[in-house]
Amino acid sequence: MAQDNANRKRSWAEPYKIKMVEQVRMTTVEEREKLIRDTGFNTFLLRSRDVYIDLLTDSGTSAMSDRQWAGMMLGDEAYAGSENFYNLEEAVQNYYGYKYLVPTHQGRAAEHIISQLMIKEGDIIPGNMYFTTTKLHQELAGGTFVDVIIDEAHDSDNEHPFKGNIDLDKLKQVIDQYGRDRIPYISIATTVNMAGGQPISLDNLKQVRELTRKHDIPIIHDMTRVAENAYMIKKHEPGQEKRDVRDIVKEICNLTDGATMSAKKDALVNIGGFLAVNDQELFDKARNMVVIYEGLHTYGGMAGRDMEALAIGIRESVDEDHIRARVGQVEYLGKKILGAGIPIVKPVGTHGVFLNARRILPHLSQDELPAQALAAAIYVDSGVRAMERGIVSAGRDPQTGDQIYPKLELVRLTIPRRVYTQAHMDVVAESIEEVWLNRENIRGLKFVYEPEYLRFFQSRFDLI
Ligand SMILES: *Cc1c(COP(=O)(O)O)cnc(C)c1O
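This is how it looks when you write it as structure tokens:
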């Protein structure tokens, strides 16, 4: 791709051709106005058949390759000791370097197990910005998440190339304040979803490793988008540009003690996940616990065929052409939207473009749920489905029940891997521009139903 054409003018194209197609359906504005009202202005409650271009999430929405589909036919559906488990174990050891694998049905199941095993009542878990399910499982285990990400991450205009970095002074202060005994581990995500898909640098991770080694505190790695993070290191970190993404991925993993994985993102499968650790005692406990909640330790909630597709997906996720095109497509959309003068989180992250709803809708206060309202307006305009990442996602303080007011009030346009073409991205950009031009007409929303946990999934709203 890029290297071959260094001296020639040649357009970019997806590094694959399409073998099977899935029809999408266009609806009318009138139909969509009714549909969004009927679903309480929550894009999570829309039916997929009513969506034209689905940018709700990159989770489980990737297109599998012909090789992965071929792998599905090799499913060994034995209850115990499936061959596909051993293939998956080998892939995890080869590509990530973790010693022990506990498969789970998806990422949050791994978070549940590690949180229950490592966290006790009153513990503190510092990390590079919260993720919804990660934080909730830490809280359900009796812990409290403390954000120690650099301040730049909370400023959507700051163009720091590694907004996923840990602020070492903040981390030191948390360690000094609470002491090693109340900190079961540091939670490091590659990349940071809630900051807009922002990477952590290798240099920063090394410094965190050094500090935690001194205090004997483990690092648990949320490796959901580790290949995308590694690609950003290759692209933007001095001295890393000549390395293979595959090497960088392995080095990141080697700097940590264990990981939770939602394989539905980087690893190119529709369902799956795992917990991986290096400590044998912890592994024994996790392997025992997985049988309570997920299934036997050689399938953990996944079918044999899914484990095979995942083993192949791990390999494909670090392919240079794949990862360059994947992140390149997100960047393409981001540049188009930026070019229209629309405020988004900068720099463009790896898995989606995050619109700055607060700046787009300055006439709405945060209590009027600007990001929720903007996502609904985009759907009505074009049938493009996005999601809220702002006050609704932030939820309430578990102790006081008070509303949390996050600095970032965003709408996420998340790009599934290998699913849409550049032409789809053009349509999305056109729709966002249309909504931007008519932004003054967008009205705020209020809650009419609010569930207790992870409320953004199921809440319902009405116009104020
Ligand atoms: C999706 C996600 C999870 C949770 O994984 P699921 O497979 O959805 O349960 C955890 N961390 C991050 C950063 C994620 O994006």
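First residue of the sequence shown: 57, per my numbering; consecutive thereafter.
Positions of the beta carbon are idealized from the N, C-alpha and C atoms, including for glycine.
From T316, L112, N310, residue whose alpha carbon lies closest to that of E167: Here the closest residue by C-alpha is T316.
V409 in three-state terms, based on DSSP: DSSP places V409 in the strand class (E or B) of the three-state scheme.
Every unbroken beta strand (DSSP E) inside the region 358-435 [3 residues or more]: Counting whole runs of 3 or more residues, the region 358-435 contains the beta strand (DSSP E) stretches 408-412.
Please classify E521: is it buried, with 16 or more other beta-carbons within 10 angstroms of its beta-carbon, or exposed? Absent from the structure is residue 521, since the part of the chain shown begins at 57 and ends at 520.
According to DSSP, is Q459 helix, strand or coil? Under the three-state reduction of DSSP, Q459 is assigned to strand.
If I'm right that Y186 touches M279 with Cβ under 8 Å, what's the distance once you round it to whole angstroms? Not quite, the Cβ-Cβ distance comes to about 17 Å (not below 8 Å), so this is no contact.
Test: G220 CB closer than 8 Å to a CB of chain C: Considering every chain present, this structure includes no chain C. It has just one protein chain.
Cβ neighbour criterion (16 or more within 10 Å) applied to V504: Exposed, by the Cβ-count rule.
Just to confirm before moving on: does the CB-CB distance between V282 and I308 stay below 8 Å? Taking 8 Å as the Cβ cut-off, V282 and I308 qualify as a contacting pair.
Look at V230 and N184 and say whether their C-beta atoms are less than 8 Å apart. A distance of 8 Å or more separates the beta carbons of V230 and N184.
My assumption, with CB atoms under 8 Å, is that P240 sits in contact with D179. Please give the rounded CB distance. A Cβ-Cβ separation of about 5 Å places P240 in contact with D179 under the 8 Å criterion.
Cutoff 7 Å; reference V491; Cβ partners in own chain excluding five residues on either side: Cβ neighbours of V491 beyond the five flanking positions: A433, I434, D437.
Are there any heavy atoms of ligand 1 lying less than 7 Å away from the beta-carbon of R468, as far as the coordinates show? No, the beta carbon of R468 sits no closer than 7 Å to any heavy atom of ligand 1.
Close Cβ partners of A58 (< 6 Å) along its chain, the five nearest in sequence each way excluded: At A58 the pLDDT is 49, less than 50, meaning the model places this residue with poor confidence and gives no usable figure here.
Could you have a look at G318 and say whether DSSP puts it in helix, strand or coil? According to the sequence displayed, residue 318 carries Ser and not Gly. Look at S318 here: in three-state DSSP terms it is strand.
Where do the N-terminal and C-terminal ends of the alpha helix (DSSP H) with I471 fall, by residue? Here I471 belongs to no alpha helix (DSSP H), and DSSP marks it neither H nor E.
Pick helix, strand or coil for Y509, following the three-state DSSP scheme. Y509: coil per DSSP, three-state reduction.
Could you please give the first and the last residue of the uninterrupted beta strand (DSSP E) stretch that includes Y156? Residues 156-160.
Could you have a look at M443 and say whether DSSP puts it in helix, strand or coil? Strand, per DSSP.
CA nearest to the CA of V77, picked from R103, A119, Y388, R64: That would be A119, whose Cα lies nearest to the Cα of V77.
So the alpha helix (DSSP H) S104 belongs to, where does it begin and stop? Segment: none, S104 is in no alpha helix (DSSP H) and carries neither H nor E.
Chain-order list of residues whose beta-carbon lies under 7 Å from that of V368 (same chain, five-residue window excluded): This sequence places Ile at residue 368; Val is not what is there. Counting only Cβ-Cβ distances below 7 Å, and skipping sequence neighbours, we find R123, Q124, G127.
Element boundaries [beta strand (DSSP E), containing G183]: Its beta strand (DSSP E) spans residues 180-183.
For I169, does the three-state DSSP call read helix, strand or coil? Look at I169 here: in three-state DSSP terms it is helix.
Neighbour-count burial assignment, Q296, 16 or more Cβ in a 10 Å radius: Only buried fits Q296, as 16 or more other CB atoms lie within 10 angstroms of its CB.
In the DSSP assignment, find the beta strand (DSSP E) that holds T200 and state where it starts and stops. Here the beta strand (DSSP E) through T200 covers 200-203.
Beta carbon of R468, beta carbon of L417: below 8 Å? No, the Cβ-Cβ distance between R468 and L417 is not below 8 Å.
According to DSSP, simplified to helix, strand and coil, what is G329? Shown here, G329 sits in a strand according to DSSP, grouped into three states.
Own chain partners of Y234 with C-beta closer than 7 Å, once the 5 adjacent residues on each side are dropped: So the list reads I180, once near-sequence residues are dropped.
Beta-carbon proximity of G314 to V333, cut-off 8 Å: Taking a C-beta distance under 8 Å as the contact criterion, G314 and V333 qualify as a contact pair.
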